[in-house]
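All remarks here apply to the structure that follows.
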Amino acid sequence: MSVIKVAILGFGTVGEGFYRTIQSHAEELKAVLGKKVEVAAILIKNKQKERDISSDVLVTTEFEDILNLPQLDVVVEAIVDKDPTYIYLRKAIERGSHIITANKEMFAHYGQELLELAKTHHVSVGYEATVAGGIPVIQTLRQLLNVNRVQQVQGILNGTSNFILTEMREKKLSFTEALRAAQENGYAEADPTNDVEGFDAFYKAMILSRLAFSEEPNWDAVERTGITSITSELIETAGRLGLRFKHIASIKKFGKQLKVSVEPVLVGNEHPLYHVEGVQNAVNISSDIVGQITLQGPGAGMFPTASAVIEDLVYVCQNRPDSEGFQSTSDTIASPEEGQHEENWLITGFKHATNDVIKMIDHIEDGTWIAKAKKEEMKELSRQNLGVVYFPIIGEYEGRHILTRLA
Ligand code: NDP
Ligand code: HSE
């Protein structure tokens with residue numbers, strides 16, 4: 002029987018999870034692909050680390066050793082940083098190998114180039130694991146929504162941030178303790194700033210934007226905020242108002258303009274993302290024929306991510322014609338001028354009794370208010386008052402009601 006030879010770049014949470022899944026699911030792979038899958042080589046950085054890898058596998062720190070393998074059908078990339086990773090994957094494609102990547106930072110920067118290069122070399126690119134861990138969101142957008150016109154994609158895209166917010170609320174952990182637990186579970190990036198400052202969700206949003214709308218916004222124009230300004234006290238206050246903090250990436254099209262935001266928001270229990278907890282991610286897609294679809298599942302971790310990579314292995318080995326590039330037709334949402342409609346906001350760090358910028362509708366406690374205002378007005382308030390932090394409340398604000406009941 003002929004064999005599919007695979008090289009894995011990186012043997013951390015993702016690389017090792019994929020390696021172990023190839024062993025545990027060898028029969029299924031053989032049945033679906035009609036060939037045995039063998040790991041021929043693994044690229045690592047530190048030769049001193051102890052690893053549970055079969056002695057038949059070449060373990061190397063030199064990428065050239067991988068390129069020089071006599072047979073190399075698929076290169077699976079699960080390392081960190083965009084360089085030199087991009088160059089490695091270019092070389093793999095030029096050698097005629099399919100590639101699979103879990104590296105969203107690299108793919109957000111160079112995905113388009115890699116897809117085009119792959120097309121000219123008649124190989125496929127799998128990147129399911131770059132967005133939302135084990136959730137098959139890329140395949141869903143790529144295959145199921147060919148005819149639907151996508152209007153909006155919105156979701157919780159960073160497992161670490163959602164896990165931290167949940168642990169802080171449910172177990173009363175500090176931010177630092179919750180982050181440490183996320184790191185111990187293998188959810189966080191090598192540099193967790195990427196998770197907690199929203200960069201990781203931003204890269205994922207750019208990948209989704211390109212897939213769903215065939216374009217990306219100007220990266221510098223995207224408002225990106227992480228979760229580091231959310232304190233245990235704020236989580237407690239939000240809870241008393243019947244609200245939860247969720248870190249949400251949103252990609253919508255208004256007219257010809259693509260609008261993307263990555264930020265913490267407050268949602269009430271009527272919102273579909275309110276109950277998405279822990280390391281779970283969820284992606285809500287709105288499109289014209291089907292309406293709304295919400296996909297939910299584990300957003301990070303060894304085996305959820307291995308699931309995405311192994312499904313990509315089948316996808317690239319079947320080298321489907323649609324892998325040559327997906328072009329969606331997007332529909333648009335009619336909306337008032339961005340920043341010009343009034344929303345509800347939770348404001349903290351505002352010490353004054355009055356102001357002439359916005360209308361406060363509730364006083365929650367010292368320094369903490371609910372306002373009804375336009376986004377531009379909120380920006381003005383924070384420009385005038387250093388230390389003011391504000392979060393949008395999505396949906397109806399029931400707080401006044403709840404506070405009265407609690408009194
Ligand atoms: P880890 O830090 O656990 O592992 C990274 C691995 O890459 C290590 O084996 C390391 O080698 C190796 N490595 C790093 N840089 C190089 C280099 N320049 N050359 C060769 N090897 C290198 O990371 P993860 O497995 O968590 O993540 C890998 C990728 O997958 C990242 O891009 C991440 O964003 C993405 N991802 C992670 C998910 C998760 O749940 N953790 C989920 C989805 C995607 P050594 O062991 O020698 O140090
Ligand atoms: N660090 C990422 C997260 C891994 O927490 O979502 C999955 O992409």
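Be aware that the sequence shown starts at 2, since it is given in the working numbering, and climbs by one per residue.
C-beta atoms are modelled at their ideal positions from N, C-alpha and C, and glycine is treated no differently.
query: Residues near ligand 2, criterion Cβ-heavy atom distance below 6 Å; result: Gly134, Asn159, Gly160, Thr161, Tyr188, Ala189, Glu190, Asp196, Asp201, Gly300 and Ala301
query: Inter-stretch contact (C-beta, 8 Å, three-pair minimum) for the segment 168-176 and the segment 287-296; result: no
query: Any non-hydrogen atom of ligand 4 closer than 7 Å to Leu44 Cβ; result: Judged by which ligands are present, ligand 4 is missing from the structure shown, whose ligands are ligand 1 and ligand 2.
query: C-alpha distance - Gly350 paired with Tyr128, whole-angstrom precision; result: 42 Å
query: Chain-order list of residues whose beta-carbon lies under 6 Å from that of Val390 (same chain, five-residue window excluded); result: Ser230, Thr349 and Gly350
query: Sequence-distant residues of its chain with Cβ nearer than 7 Å to Glu237 (five each side left out); result: none
query: Cβ neighbour criterion (16 or more within 10 Å) applied to His99; result: buried
query: Run of the beta strand (DSSP E) containing Ile101, from where it starts to where it stops; result: His99 to Thr102
query: Cβ neighbour criterion (16 or more within 10 Å) applied to Pro137; result: buried
query: Reduced DSSP category for Asn320 - H, G, I as helix; E, B as strand; rest coil; result: coil
query: Alpha-carbon spacing of Glu325 relative to Leu142, whole angstroms; result: Here Glu325 scores only 41 on pLDDT, less than 50, and its place in the model should not be relied on; the value that follows carries that caveat. Cα-Cα distance, rounded: 15 Å.
query: Rounded separation between Ala307 and Lys257 - CA only; result: 37 Å
query: Beta-carbon separation (whole angstroms), Gly302 vs Gly134, contact threshold 8 Å; result: 7 Å
query: As assigned by DSSP and simplified to three states, the class of Asp74; result: coil
query: Spatial distance of Ile208 from Asp201 (CA atoms); result: 11 Å
query: Counted within 10 angstroms of its Cβ, other Cβ atoms place Trp220 as buried (16 or more) or exposed; result: exposed
query: Rounded Cβ spacing between Val76 and Leu158 (contact assumed at less than 8 Å); result: With a Cβ gap of about 25 Å, Val76 and Leu158 do not count as contacting.
query: Per DSSP, the bridge partner or partners of Phe200; result: DSSP, once it has assigned bridges, lists no residue as partnering Phe200.
query: Nearest neighbour of Glu344, chosen from Glu28, Ile395 and Ala309 [CA to CA]; result: Ile395
query: Asn282 beta carbon near ligand 1 (any heavy atom closer than 7 Å); result: no
query: Spatial distance of Phe164 from Pro71 (CA atoms); result: 43 Å
query: Opening and closing residue of the alpha helix (DSSP H) in which Arg91 lies; result: Thr86 to Glu95
query: Three-pair Cβ contact test at 8 Å for the segment 244-251 versus the segment 259-277; result: yes
query: For Met107 and Lys92, believed in contact at Cβ under 8 Å, the rounded distance; result: Going by Cβ atoms, the distance from Lys92 to Met107 rounds to 14 Å, so no, they are not a contact pair.
query: Ligand 1 heavy atom lying under 7 Å from the CB of Gly13; result: yes
query: Spatial distance of Glu378 from Asn147 (CA atoms); result: 40 Å
query: Proximity test, Ala103 beta-carbon vs ligand 1 heavy atom, cut-off 7 Å; result: yes
query: Cβ pair Trp346, Ala372 closer than 8 Å; result: yes
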